[in-house]
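A short write-up of the structure that comes next.
Numbering (our numbering), first residue to last: 4 to 55.
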């Protein structure tokens with residue numbers, strides 16, 4: 004890995020890091036949610052709302 008990375012590589016790393024943060028926060032939210040509240044309806048609605 005070079006000491007001074009080119010700009011596109013830096014932008015790619017920043018975007019990747021932000022994506023990782025979003026995924027981790029979503030997983031953390033799912034882990035904190037009580038298991039009784041997670042049924043197929045809420046899971047389906049959340050999956051459809053996540054689609055861009």
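All C-beta atoms in this analysis are idealised placements derived from N, C-alpha and C, irrespective of residue type, glycine included.
All of these numbers come straight from a predicted model, not from anything done at the bench.
Please report how far the alpha carbon of residue 30 lies from the alpha carbon of residue 18, in whole angstroms.
Stepping through the chain shown from its first residue, residue 30 is reached at position 27. Stepping through the chain shown from its first residue, residue 18 is reached at position 15. So the alpha carbons of these two residues sit roughly 19 Å apart.
Going straight from the alpha carbon of residue 10 to that of residue 20, what length do you get?
Taking the first residue of the chain shown as position 1, residue 10 is located at position 7. Taking the first residue of the chain shown as position 1, residue 20 is located at position 17. Rounded to the nearest angstrom, the two C-alpha atoms are 15 Å apart.
Please report how far the alpha carbon of residue 12 lies from the alpha carbon of residue 22, in whole angstroms.
As a position in the chain shown, residue 12 is number 9, starting the count at 1. As a position in the chain shown, residue 22 is number 19, starting the count at 1. Cα to Cα, residue 12 sits roughly 15 Å from residue 22.
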